[in-house]
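Visitor: To start, I am sharing the structure in question, which I have written as structure tokens.
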Amino acid sequence: METIFDISRPGAKAYSLPPLDVPGKPIGDLTPASLLRDEAPCLPEVSEGEIARHYTNLSNMNFAIDTTFYPLGSCTMKYNPKVNEAIASLSGFSNIHPYQDESQVQGALKLMYELAQWLAEIGGFKKVSLQPAAGAQGELTGMAMIRAYHKKNGNPRSKVIIPDSAHGTNPATAAMLGYKVVTVPSDELGGVDVRSLEGLLDEEVAAIFLTNPNTLGIFDKNVVKINEMVHSVGALSYCDGANLNAILGKSRPGDMGFDVLQFNLHKTFSTPHGGGGPGSGPVGVNEMLEPFLPVPLIEKDEAVGAYFLNYERPLSIGKMKAFYGNFGVIVKAYCYIRSLGAEGLSHVSDIAVLNANYLKTKLEEAYILPYDVPCMHEFVLSAERQKRQGVKARDIVKRLLDFNIHPPTIYFPLIVDEALMVEPTETESKETLDRFADVMRQIAEEAVENPEVILTAPHNTPVSRLNEAEAARHPRLKWQKD
Amino acid sequence: MDFVPITDQDKNEMLKFLGIKRVDELFDLSIPDEVRMDRSLNLPAGISEHELLRELEGIAKENVSLSDHVSFLGGGVYDHFIPKVVESLISLPEFYSPYTPYQAEVSQGVLQSLFEYQSMVSELTGLEVANASLYDGATSLAEAALLAHDITKKNEVIVSEAVHPEYREVLKNYARGLDITIKTIPLKNGQTDISALEDMVSDDSSCVIIQHPNFFGCLEDMERIGDILDRYPTLFIASIDPLSLGLLKAPASFGVDVVIGEGQSLGNKINFGGPNLGIFACRKDYIRRVPGRLVSSTTDTLGRTGYVLTLQTREQHIRRERATSNITTSEVLNAIAAAIYLSYLGPEGITEVAYQCLQKAHYAHDKLSEISYLEPFSDTPFFKEFAFKSERSVHEINERLFNEGIIGGLNIDRWYGQYPNTVLFCVTEKRTRDEIDRLAAIMEAI
Chain A
737 METIFDISRP
747 GAKAYSLPPL
757 DVPGKPIGDL
767 TPASLLRDEA
777 PCLPEVSEGE
787 IARHYTNLSN
797 MNFAIDTTFY
807 PLGSCTMKYN
817 PKVNEAIASL
827 SGFSNIHPYQ
837 DESQVQGALK
847 LMYELAQWLA
857 EIGGFKKVSL
867 QPAAGAQGEL
877 TGMAMIRAYH
887 KKNGNPRSKV
897 IIPDSAHGTN
907 PATAAMLGYK
917 VVTVPSDELG
927 GVDVRSLEGL
937 LDEEVAAIFL
947 TNPNTLGIFD
957 KNVVKINEMV
967 HSVGALSYCD
977 GANLNAILGK
987 SRPGDMGFDV
997 LQFNLHKTFS
1007 TPHGGGGPGS
1017 GPVGVNEMLE
1027 PFLPVPLIEK
1037 DEAVGAYFLN
1047 YERPLSIGKM
1057 KAFYGNFGVI
1067 VKAYCYIRSL
1077 GAEGLSHVSD
1087 IAVLNANYLK
1097 TKLEEAYILP
1107 YDVPCMHEFV
1117 LSAERQKRQG
1127 VKARDIVKRL
1137 LDFNIHPPTI
1147 YFPLIVDEAL
1157 MVEPTETESK
1167 ETLDRFADVM
1177 RQIAEEAVEN
1187 PEVILTAPHN
1197 TPVSRLNEAE
1207 AARHPRLKWQ
1217 KD
Chain B
59 MDFVPITDQD
69 KNEMLKFLGI
79 KRVDELFDLS
89 IPDEVRMDRS
99 LNLPAGISEH
109 ELLRELEGIA
119 KENVSLSDHV
129 SFLGGGVYDH
139 FIPKVVESLI
149 SLPEFYSPYT
159 PYQAEVSQGV
169 LQSLFEYQSM
179 VSELTGLEVA
189 NASLYDGATS
199 LAEAALLAHD
209 ITKKNEVIVS
219 EAVHPEYREV
229 LKNYARGLDI
239 TIKTIPLKNG
249 QTDISALEDM
259 VSDDSSCVII
269 QHPNFFGCLE
279 DMERIGDILD
289 RYPTLFIASI
299 DPLSLGLLKA
309 PASFGVDVVI
319 GEGQSLGNKI
329 NFGGPNLGIF
339 ACRKDYIRRV
349 PGRLVSSTTD
359 TLGRTGYVLT
369 LQTREQHIRR
379 ERATSNITTS
389 EVLNAIAAAI
399 YLSYLGPEGI
409 TEVAYQCLQK
419 AHYAHDKLSE
429 ISYLEPFSDT
439 PFFKEFAFKS
449 ERSVHEINER
459 LFNEGIIGGL
469 NIDRWYGQYP
479 NTVLFCVTEK
489 RTRDEIDRLA
499 AIMEAI
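Residue numbers (this note's numbering), protein chains in the order written: chain A, 737 to 1218; chain B, 59 to 504.
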């Protein structure tokens, strides 16, 4: 489709402003000429109608949770309730300024205070900060606290242990804090290999980064033992909360011995993902790490019943982003938890796990199931057999697009060859799951009988396969006049 | 309400298919007894949509909205006019409900919108490479410093005291685990003290970070700073207000190597300070070190133009501990809002908005200068914000203003203890002459 720049015509415009109602001064009197532009920036010149049509047409070129099944493993693409969108846009939430006096924003502070308490209860932690802007920033916050904790005890330590099945953000986060990453292999059941871990633990290990249930969708049965081993050398245990949707009201990471965890509100708690953000990644911590939480913490003065921003925390790591967190997202997560309550959240995990196991069982003949154990909210298949027949995971997912289905996550976790990671979530019907299984089985048959149709897919999308290698060799990151 | 479409009959069929009787068995098989919860979560019981709306509308009313009050607050997020077309388009579920565009063929809408956003940021800043957003201005600044550290292999970061104090705090945090020393250039008359900067910068400095307009609203002498930094291998990082670039020269023309900024003012609501939009643009030379997503145009198998995420080998999901940053989810929807807003303004509109901010801020400054207990904080040129020292308590002034429906300026002594009772005003194009006159009249009468 043409870009907005291509449809630009000199003189077309959309904006309107009231006339300047104060006496205007010559601009040269106000601003040194050396700082002023010689000409206006070259932005598109278009009418409002053209803008509306252009971006509406663009939006129609996206798969989205409202239009298609989206079983993207590890991303928990569940339905985003409409009422939460409406509430977040109320002017009492969307049009308040972070530097207003606390007395003017008691509702916002109360909402944040309560959500933090609810998340602490859900995760089994002492205290929660809502400040981190996304999951990866939650990880960074958690690791920064771990580093501050060790430093206070005399030595920040130098290593972080990370399983070979981990999300890429985990090692990237550890490296941002100057830690050396040490990889621990998985055992034959997909959990952490305990014997290997034993050999890696020493007094230079600052922390272990675990995801539980892990990225294979498997609950690590040794989790308590692992955390005890980690603690025995004075290291701390970080839980990547990306997979919390499996265990709401069933099991709590704090009770498993984890010291800190990030919640992904844009996964577990139904806030929309916006095509790549905004997200929100609150962190929960136990008593040991509580003093290190970012400032400000939102607290309640019980004597007068007022909420306030507490900056008086001498051991705090400081700030992770400007202001207090992605409030617009926080409101939606609050609405979600408030709507569902304890019973509703527990039912979410029931059905998320039921849907995943149902699909897994329906697909375990057509595809290889590398870890044949009961799964939690997601499972990982391998297209190794299809690869031998000449089609790879990356081809299979392109074929899925022809059926109006968003593909699973592929080539992750790295320990599974030709991985297809499927997370249906609880907001999908049995009919949708059955259709997905039928399509996946059909593609497995096509791999034998008509691989060409897979290799040339997708056939019905606005563009066919795109030349990514060319883009990487000669990136064109901005529009240019021909 | 739990938004689950599985009926009891579905459930029974699925359980039968799995050969089990209860869903609980699936958890029993996976989760060891010692960590199974033996009680319900202690949360309030769920409620209906109607009850939710009633309750949350009540909580929203416990906040004082800028829709009902006239605000002169700035300091990083701003009360600019947002046209309905922006709100309406980013409310399309096909924009707000997809995940990151990993499958390019079915994400062309998000990808092309981001390509357009990158093009506009590039045009405003004068730099060849703009990414598809980071979290906010503060984290963009920190990431820029990490990029400079990575490129120059030098450990010293020099930052002006006139840079937003919260941004500097975030910088400190991001530098925590690396061997980075942060030095602060003092203030002089509301600007960065350039002679101090000249004394501090050396071949060992990885970067110098300047905000323009700075935290006090003052413009910096970008030309001179650029000339000084030209003599060193040091990167020049500038934090900007994108709307000011309707009038102000593109930072690249002063030799700025990395431009970062807060993009909230480009069509995004204030939202109590988040989500915001981290702007990040830099020279082409650093393209392989950029944090975050980059969208490139390319062609499909039939030669048609299309868009993809590119240079992903910089990113955490490929490069893991050697990635340029750990960022993944950023602020894509806010970036799309910015692209729509900038299309709405066009060249003439952005110039006009910046011009009106400038004129109205100066009108307000002149009015407040007449008040006996106020003294201008600085006499350097400013854009839409400016500070005054007050002989009266800022807290009391603001209480008085609030009683008259006005939210006054920002007391900055929480960060700058050396400037007690100093108040930072922000005047955007939304403020009217009448509102400014009322602000001055009420303050005059105190």
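Using N, Cα and C, we set each Cβ at its ideal position, and we do this for glycine too.
Give me the Cβ distance between V144/B and Q322/B, rounded to the nearest whole Å; I'm assuming they're in contact under 8 Å.
Guide: Here residue 144/B refers to the residue found at position 86 of the second sequence. Here residue 322/B refers to the residue found at position 264 of the second sequence. V144/B to Q322/B, Cβ: 12 Å. No contact.
Visitor: My output table needs one value for Q1216/A: the three-state DSSP class, helix, strand or coil.
Guide: The count along the first sequence starts at 1 and reaches residue 1216/A at position 480. DSSP places Q1216/A in coil when its eight states are reduced to three.
Visitor: Grab me the residues of L403/B's own chain with a C-beta within less than 7 Å of its C-beta, minus the 5 sequence neighbours each way, in chain order.
Guide: The residue labelled residue 403/B in the question sits at position 345 within the second sequence. The answer, listed in chain order, is V411.
Visitor: Give the DSSP bridge partners of Q176/B, in chain order.
Guide: As a first step, residue 176/B is located in the second sequence; it is residue number 118 there, counting from the start. According to DSSP, Q176/B bridges with nothing at all.
Visitor: Step through the CB atoms of chain B and report whether any lies within less than 8 Å of the CB of C811/A.
Guide: Reading the first sequence from its first residue, position 75 is the one you call residue 811/A. Yes, C811/A lies at the interface with chain B (some Cβ there is under 8 Å from its Cβ).
Visitor: Based on DSSP bridge pairs, tell me the residues matched to S865/A.
Guide: To locate residue 865/A, count along the first sequence from 1; it is residue 129. DSSP lists V1019/A as partners of S865/A.
Visitor: Measure the Cβ-Cβ separation of E174/B and R1201/A and say whether it is below 8 Å.
Guide: Counting from one through the second sequence, the residue named residue 174/B turns up at place 116. Counting from one through the first sequence, the residue named residue 1201/A turns up at place 465. For E174/B and R1201/A, no; Cβs fall outside 8 Å.
Visitor: I need the DSSP call for Y815/A, collapsed to helix, strand or coil.
Guide: Taking the first sequence and counting its residues from 1, one reaches residue 815/A at position 79. Coil.
Visitor: Skipping 5 residues on each side, what residues in its chain have a beta carbon closer than 7 Å to that of R351/B?
Guide: As a first step, residue 351/B must be located in the second sequence, where it is residue number 293. Correct list, in chain order: N189, A190, L367 and S388.
Visitor: For N889/A, does the count of other Cβ atoms within 10 angstroms reach 16, so buried, or fall short, so exposed?
Guide: Taking the first sequence and counting its residues from 1, one reaches residue 889/A at position 153. It is exposed - the Cβ of N889/A has fewer than 16 other Cβ atoms within 10 Å.
Visitor: Cβ closer than 7 Å: which chain B residues qualify as neighbours of P1063/A?
Guide: Here the question's residue 1063/A lines up with position 327 in the first sequence. Per the sequence presented here, residue 1063/A reads as Phe, with Pro not at that position. Here the neighbours are N329, F330, G331 and G332.
Visitor: Please report the residue range of the alpha helix (DSSP H) in which G466/B lies.
Guide: Taking the second sequence and counting its residues from 1, the one referred to as residue 466/B is at position 408. G466/B -> no alpha helix (DSSP H), and no H or E assigned at all.
Visitor: Does chain A have any CB closer than 8 Å to the CB of Q249/B?
Guide: Position 191 of the second sequence, counting from 1, holds the residue named residue 249/B. Taking Cβ atoms only, chain A never reaches closer than 8 Å to Q249/B, which makes this a no.
Visitor: Among the residues of its own chain, which have a CB less than 6 Å from the CB of Y806/A, if the five just before and after it don't count?
Guide: One-based indexing of the first sequence puts residue 806/A at position 70. Taken in chain order, the residues that qualify are M813 and H1142.
Visitor: Run down chain A in chain order and give the residues with a C-beta less than 8 Å from the C-beta of L468/B.
Guide: Locating residue 468/B in the second sequence gives position 410, counting from the first residue. Going along chain A in sequence order, the residues near L468/B (Cβ under 8 Å) are Y835.
Visitor: Pull out every residue of the stretch 336 to 359 of chain B whose Cβ sits closer than 8 Å to any Cβ of chain A, in chain order.
Guide: Under the 8 Å Cβ criterion, the stretch 336 to 359 of chain B contributes I345, R351, L352, V353, S354, S355, T356, T357, D358 and T359.
Visitor: Once you ignore the five residues that flank L1117/A on each side, which residues in its own chain have a CB closer than 7 Å to its CB?
Guide: The residue you call residue 1117/A lines up with position 381 of the first sequence. The residues are L1099, Y1103, I1104, L1105, L1156 and V1158.
Visitor: To be precise: take each residue of the stretch 1157 to 1182 of chain A, compare its Cβ to all Cβ atoms of chain B, and keep it if any distance is under 8 Å. Which residues remain?
Guide: From the stretch 1157 to 1182 of chain A, only E1162, T1163, E1164, S1165 and K1166 have a Cβ closer than 8 Å to chain B.
Visitor: Could you tell me whether the Cβ atoms of G953/A and H1210/A are closer together than 8 Å?
Guide: Locating residue 953/A in the first sequence gives position 217, where the first residue counts as 1. Locating residue 1210/A in the first sequence gives position 474, where the first residue counts as 1. Not closer than 8 Å, so no.
Visitor: Please tell me whether I398/B has its Cβ less than 8 Å away from any Cβ of chain A.
Guide: What you label residue 398/B is simply residue 340 of the second sequence in a count that begins at 1. Interface residue, yes.
Visitor: Would you mind telling me which residues of chain A sit closer than 9 Å to F75/B, beta carbon to beta carbon, in chain order?
Guide: Residue 75/B sits at position 17 when you count from the first residue of the second sequence. Under the 9 Å cutoff, chain A gives Y1094, T1097 and K1098.
Visitor: At what residues does the beta strand (DSSP E) containing P907/A begin and finish?
Guide: Along the first sequence, read from residue 1 onward, the residue named residue 907/A stands at position 171. Here P907/A belongs to no beta strand (DSSP E); instead the alpha helix (DSSP H) covers T905 to M912.
Visitor: Among N70/B, V217/B, A393/B and E71/B, whose alpha-carbon lies nearest the alpha-carbon of N326/B?
Guide: The residue given as residue 326/B occupies position 268 in the second sequence. For the residues N70/B, V217/B, A393/B and E71/B, the minimum Cα distance to N326/B belongs to A393/B.
Visitor: Flag this pair as yes or no: are the beta carbons of L204/B and Y225/B separated by less than 8 Å?
Guide: To locate residue 204/B, count along the second sequence from 1; it is residue 146. To locate residue 225/B, count along the second sequence from 1; it is residue 167. Taking 8 Å as the Cβ cut-off, L204/B and Y225/B do not qualify as a contacting pair.
Visitor: I want to verify the contact list: residues of chain A whose CB lies under 9 Å from the CB of T197/B, in sequence order.
Guide: The residue labelled residue 197/B in the question sits at position 139 within the second sequence. Neighbours of T197/B on chain A, chain order: A869, Q873, M1056, K1057 and A1058.
Visitor: Using the C-alpha atoms, what's the distance from E1023/A back to P921/A?
Guide: Counting from one through the first sequence, the residue named residue 921/A turns up at place 185. Counting from one through the first sequence, the residue named residue 1023/A turns up at place 287. About 30 Å.
Visitor: Could you give the first and the last residue of the continuous alpha helix (DSSP H) run that contains P899/A?
Guide: Here the question's residue 899/A lines up with position 163 in the first sequence. That residue, P899/A, is in no alpha helix (DSSP H); its beta strand (DSSP E) goes K895 to P899.
Visitor: I'd like to know if I64/B contacts chain D, where contact means its C-beta is closer than 8 Å to some C-beta of that chain.
Guide: Looking for chain D here will not work: the only protein chains present are A and B.
Visitor: According to DSSP, D237/B sits in a beta bridge with which residue or residues?
Guide: Within the second sequence, numbered from 1, the residue matching residue 237/B stands at position 179. Its beta-bridge partners do not exist; DSSP assigns none.
Visitor: Could you tell me which uninterrupted beta strand (DSSP E) segments, each at least 3 residues in length, are contained entirely in the stretch 218 to 268 of chain B, listed from first to last along the chain?
Guide: For the stretch 218 to 268 of chain B, whole beta strand (DSSP E) runs of length 3 or above, ordered along the chain, are 239 to 243.
Visitor: Going by DSSP, name the residue or residues bridged to C415/B.
Guide: As a first step, residue 415/B must be located in the second sequence, where it is residue number 357. Answer by DSSP bridge pairing: none, since C415/B is not bridged.
Visitor: What three-state label does DSSP hand N121/B in the structure shown?
Guide: Indexing the second sequence from 1 puts residue 121/B at position 63. In this structure, N121/B counts as strand in the three-state DSSP scheme.
Visitor: Over what stretch of residues does the alpha helix (DSSP H) that includes V93/B continue unbroken?
Guide: Within the second sequence, numbered from 1, the residue matching residue 93/B stands at position 35. Per DSSP, V93/B belongs to no alpha helix (DSSP H) and is neither H nor E.
Visitor: Taking the Cβ atom as the reference point for each residue, do N1091/A and E1164/A lie within a distance shorter than 8 Å?
Guide: On the first sequence, position 355 is the one that residue 1091/A refers to. On the first sequence, position 428 is the one that residue 1164/A refers to. In this structure, E1164/A lies closer than 8 Å to N1091/A by Cβ.
Visitor: Given that a residue counts as buried once 16 or more other Cβ atoms are within 10 Å of its Cβ, and exposed if not, what is K211/B?
Guide: Here residue 211/B is taken as the residue at index 153 of the second sequence, counted from 1. Exposed, because fewer than 16 other Cβ atoms sit within 10 Å of the Cβ of K211/B.
Visitor: Using three-state DSSP, classify E214/B as helix, strand or coil.
Guide: For the purposes of this step, residue 214/B is taken as the residue at position 156 of the second sequence. In this structure, E214/B counts as strand in the three-state DSSP scheme.
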